[in-house]
C-alpha cells in the first residue's frame, strides 16, 4: 500500500522461530514475522491468541522459550544494560492501561523521558511537552491533572504523548482503541496516520478493532493456533482461504467494517 | 527520527549580515547545545533575515520546536524571517509543529497552589472528622446488628483473619514479650541490688508487664502487622473496583470486610496479651534467678502474694479496646483510598501511625482514670 513512498525499506523487527510456553500451554509455536520500516503493522487475532505476549516479547519485557527477536538488527536477548537502554530510546510504547505514573501530572508524565535521558532545559521541555500534548489533541488545562483525574480516552492519549515525546523510530501500541467510543477511536486512527506521515514512524499495533485494521494498517498478521495464519494487506487477508481468518474477517462485524471501508 | 541520522553537531553561523546558516543534526540529543548557540547569537540588525537551512541533515520535533521558537521570537522583535532550502521531508514537520504551537500559546498554565488558609484547613479537618465519625457510627450499628443475629457474621472471613492476624503473630509477639521481660528485669536489677531489695523484681516485672507492657507491645505489633494490611487490602479492593462490585451485588462492605476483621482482633489481641504476659514473666524470672539470686520457687511465691489479680484484668480490659482501635483505623484508612495506587502506601502509613498514636493516648487516659479510682 505505502511501499512506493518509502525510500529505504529495511527490516526493523525480525521475529524468527519464536516459541512461547506457559507451563504446558503453548502460546506460540514457530512464529515468524518481519516488520519493515515506515509501515503500520498490525497484529490481530482472537482473545488469548498470544498477540499481547508477542508484543511484550518484541519489546523485551518477556523472554520467549525459543527463537530470536531482533530489533534494529540487534538481538534483544543478547543486549544487556547499556545496549538495551540504547534500543529503548529509539522506541516508544503505549500500554493498554496507559502505564502513566500516578504520582505525576500529565505534563510531568510526558516530560519523563526528556528529563531522564537528555539535559534539555526545563523551559524547552515545557515547550516540547506542550506541543506533544497538543499533538494528541488533549486540552491544555488537563496538563496539570493527575492520571486518576483523566478519562480513559484522555489517559490513552496522554500515554501516546509520552511514547512519542522523544520522536522514536518505532512506536508500539497495545490495543490503542479498545474501550474507546467510535468517534474517539476514529480520531485515534487519524492521529496515528498523521504521526506516521510527519514523523516517519514505524508503528506496530496489537488490535482487534476491525475498523482500525481497515483504516490504517498497511499490513496485518493474524495470530491463531500458536502461529501466524497469514500476513498481508487487509484485502489480501479478506480473500484468504484459511478458515480462522475467514471467520475473523467475514463474521458479521468483519463484513460491516469492510463494507464501510470500501464505500468511503 | 526523520531522515538518516547522520549525527553531526549543529552549528548556527551568521554570514553576510542577513543570512543565518544552520548546519548539522537538529535533534533532541543536541537540543541543549542548540539552545545555548541560539541564545548567545548577536542577531543582525537588518530587518530581513534569511535562514539558510539547506544543511540541516536531520531534524525531529525537538529541533523543529527550537527553530520555530527562535523564528517567532525574531518576528516579535520586528524582523522579517524566511526559511530557505528546507528539505521537503522537514517541511511537514515544521508545518506540524507550527500548527500545534499556535494552539499551545500562551504556554502551559502555571500551577496554582491551593491557598492553605485557616478556613481551608479547618474545613478539611472537620471533613475528615465527620467522615471518621460516620464510619465509626456505621460500624457500630452493624456490630450490634450482627451481635443480635450472629448468622450475619461472616465466620469464614473471621476465622481466616483470626488465623492470619492472631495465630501467625504468636512467634513474634512471644519473642518480643520475652525480651521485654528480660529488659525490665535487667534494668531493675541494678537499682534493686543497691538496696538489697532483690525480691521486688517480681513486683516490677509482674505489675508492669500485666498492666502496661504486654497489652501495649501486642497492640503495637498488631498495628504494624495487621492494621497496615487491612488498609492496604481494602484500599487495593477499592482501586480494583471490588468494593463497588460488593455494593452493587447488594452486599455491605462493613459486614463483609470490616466486622470480621474487628471481631477477629477483639478475640486475638486479648489472647495474645495473655501469651505475652506468660512469656514476659518467664523472661523476667530467668534474669531474676541469674542476676539477683531469686530462685524460681521464690519468684512464684512472691508473685502469688504481691501481684494482685486486678493488674492482670486491667491489662486484659485494655486489650480488646486496643484491638477495636487498630482494626477500625486500618479499615477506615483503607476506605479513604481513592482510585490511585499512590494512595495505598500513604494511607497504610497513616493508618499505622494513627492507630499506635490512638492506642497510646487511650492507654494514658486509662492510667489517669485508674489512678483516680486508686486501682
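Protein chains in written order, with the working numbering: chain A, 197 to 460; chain B, 1295 to 1669. Positions of the beta carbon are idealized from the N, C-alpha and C atoms, including for glycine. Predicted model, so just to flag it, every value in this text is computed and none were measured.
Beta-bridge pairing of residue 420 (chain A) - partner residues as DSSP gives them: Position 224 of the first chain, counted from the start, is the residue given in the question as residue 420 (chain A). Paired residues: A:423.
Do the segment 1515 to 1526 of chain B and the segment 1644 to 1656 of chain B meet, that is, are 3 or more Cβ pairs less than 8 Å apart? yes
Quick check on the DSSP output: what are the complete beta strand (DSSP E) runs of length 3 or more inside the segment 1623 to 1667 of chain B, in order along the chain? none
Where do the N-terminal and C-terminal ends of the alpha helix (DSSP H) with residue 306 (chain A) fall, by residue? Counting from one through the first chain, the residue named residue 306 (chain A) turns up at place 110. Its alpha helix (DSSP H) spans residues 302 to 313.
Residues of chain A with CB under 7 Å from residue 1391 (chain B), in chain order? In the second chain, the residue the question calls residue 1391 (chain B) occupies position 97. Neighbours of residue 1391 (chain B) on chain A, chain order: 327.
Kindly indicate if chain A contains any beta-carbon less than 8 Å away from that of residue 1301 (chain B). In the second chain, residue 1301 (chain B) corresponds to position 7, counting from 1. No, residue 1301 (chain B) does not count as interfacial toward chain A.
How close, in whole Å, do the beta carbons of residue 1475 (chain B) and residue 1499 (chain B) come, if the pair is a contact with beta carbons under 8 Å? Here residue 1475 (chain B) refers to the residue found at position 181 when the second chain is read from its first residue. Here residue 1499 (chain B) refers to the residue found at position 205 when the second chain is read from its first residue. Residue 1475 (chain B) to residue 1499 (chain B), Cβ: 6 Å. Contact.
Less than 7 Å between C-beta atoms, sequence neighbours within five positions excluded: which residues of the same chain meet that for residue 1307 (chain B)? Walking along the second chain from the start, residue 1307 (chain B) turns up at place 13. If we look at residue 1307 (chain B) and ignore the five residues flanking it on each side, its Cβ neighbours are 1315.
Can the beta-carbon of residue 1395 (chain B) be found less than 8 Å from the beta-carbon of residue 1353 (chain B)? Against the second chain, residue 1395 (chain B) aligns to sequence position 101. Against the second chain, residue 1353 (chain B) aligns to sequence position 59. Contact flag unset, no.
Cβ-based burial, residue 447 (chain A) [other Cβ within 10 Å; buried from 16]: Here residue 447 (chain A) refers to the residue found at position 251 of the first chain. Exposed, because fewer than 16 other Cβ atoms sit within 10 Å of the Cβ of residue 447 (chain A).
Can you tell me whether DSSP reads residue 346 (chain A) as helix, strand or coil? The sequence position of residue 346 (chain A) within the first chain is 150, counting from 1. Residue state, collapsed to three classes: coil.
Three CB pairs or more closer than 8 Å across the segment 259 to 269 of chain A and the segment 420 to 433 of chain A: no
If you draw a straight line from the alpha carbon of residue 443 (chain A) to that of residue 437 (chain A), how long is it in whole angstroms? The residue labelled residue 443 (chain A) in the question sits at position 247 within the first chain. The residue labelled residue 437 (chain A) in the question sits at position 241 within the first chain. Straight-line Cα distance between these residues: approximately 10 Å.
Per DSSP, cross-strand counterpart(s) of residue 218 (chain A): Taking the first residue of the first chain as position 1, residue 218 (chain A) is located at position 22. Looking at the DSSP assignment, residue 218 (chain A) forms a beta bridge with A:221.
Within 8 Å (strictly less), CB to CB, does residue 1635 (chain B) reach chain A? Start at 1 with the first residue of the second chain, and residue 1635 (chain B) comes out as number 341. Chain A, which has a Cβ nearer than 8 Å to the Cβ of residue 1635 (chain B), makes this yes.
Any beta carbon from chain B within less than 8 Å of residue 324 (chain A)'s own beta carbon? Position 128 of the first chain, counted from the start, is the residue given in the question as residue 324 (chain A). Residue 324 (chain A) counts as touching chain B.
Below-8 Å beta-carbon distance, residue 338 (chain A) vs any chain B residue: Stepping through the first chain from its first residue, residue 338 (chain A) is reached at position 142. Residue 338 (chain A) does not count as touching chain B.
Using only the alpha-carbon positions, how far apart do residue 1291 (chain B) and residue 1343 (chain B) sit? Since the first residue of chain B shown is 1295 and the last is 1669, residue 1291 (chain B) is not available in this structure.
When you check each C-beta in the segment 268 to 302 of chain A against every C-beta of chain B, which residues fall closer than 7 Å? 298, 299
Taking only runs that begin and end inside the segment 1565 to 1613 of chain B, name each unbroken beta strand (DSSP E) of 3 or more residues, in chain order. none
Anything in the segment 1319 to 1335 of chain B with a Cβ closer than 8 Å to a Cβ of chain A? List those residues in chain order, please. 1321, 1322, 1323, 1325, 1326, 1329
Counting beta carbon pairs with one atom in the segment 1422 to 1435 of chain B and one in the segment 1540 to 1553 of chain B, are three or more of them shorter than 8 Å? yes
With a threshold of 8 Å between beta-carbons, can residue 462 (chain A) be considered close to chain B, or not? Nothing in the structure corresponds to residue 462 (chain A), since chain A is present only between 197 and 460.
Buried versus exposed call for residue 1658 (chain B) [16 or more other C-beta atoms within 10 Å across all chains shown]: Along the second chain, one-based indexing puts residue 1658 (chain B) at 364. Exposed: under 16 other Cβ atoms inside 10 Å.
Using the three-state DSSP reduction, which class does residue 268 (chain A) fall into: helix, strand or coil? For this step, residue 268 (chain A) is matched to residue 72 along the first chain. DSSP places residue 268 (chain A) in coil when its eight states are reduced to three.
Unbroken stretches of the beta strand (DSSP E), 3 residues or longer, contained in the segment 328 to 391 of chain A: 366 to 370
Positions along the segment 1351 to 1383 of chain B whose CB lies within less than 8 Å of some CB in chain A: 1354, 1355, 1356, 1359, 1360, 1363, 1383
Please report the residue range of the alpha helix (DSSP H) in which residue 1454 (chain B) lies. For this step, residue 1454 (chain B) is matched to residue 160 along the second chain. Residue 1454 (chain B) -> alpha helix (DSSP H) spans 1449 to 1455.
Residue interval of the alpha helix (DSSP H) (run including residue 1719 (chain B)): Within the shown structure, residues of chain B are numbered from 1295 to 1669, placing residue 1719 (chain B) beyond reach of any answer.
Consider the Cβ of residue 344 (chain A): report whether some Cβ of chain C lies at a distance smaller than 8 Å. No chain C appears in the structure shown, which is made up of the protein chains A and B.
Out of curiosity, what's the CA-to-CA distance linking residue 1389 (chain B) and residue 1543 (chain B)? For the purposes of this step, residue 1389 (chain B) is taken as residue 95 along the second chain, with counting starting at 1. For the purposes of this step, residue 1543 (chain B) is taken as residue 249 along the second chain, with counting starting at 1. Cα-Cα distance, rounded: 54 Å.
Nearest to residue 211 (chain A) by alpha carbon, out of A:225, A:458, A:218, A:297? Within the first chain, the letter at position 15 stands for residue 211 (chain A). Closest option to residue 211 (chain A), Cα to Cα, is A:225.
For residue 1601 (chain B), which residues in the same chain have their Cβ closer than 8 Å to its Cβ, ignoring the five residues on either side in sequence? Here residue 1601 (chain B) corresponds to residue number 307 of the second chain, with the count starting at 1. 1496, 1497, 1500, 1501, 1504.
Using a Cβ cut-off of 8 Å, pull out every chain A residue sitting near residue 1543 (chain B), in sequence order please. In the second chain, counting from the first residue as 1, residue 1543 (chain B) sits at position 249. Those do not exist, as residue 1543 (chain B) stays about 23 Å from chain A at its closest Cβ, beyond 8 Å.
Candidates B:1575, B:1387, B:1625: closest to residue 1555 (chain B) by CA position: Numbered from 1 along the second chain, position 261 holds the residue referred to as residue 1555 (chain B). Of the candidates B:1575, B:1387, B:1625, the one whose C-alpha sits nearest the C-alpha of residue 1555 (chain B) is B:1625.
Spell out a yes or no on whether the segment 233 to 252 of chain A and the segment 416 to 424 of chain A are touching, meaning 3 or more CB-CB pairs, one atom from each, closer than 8 Å. yes
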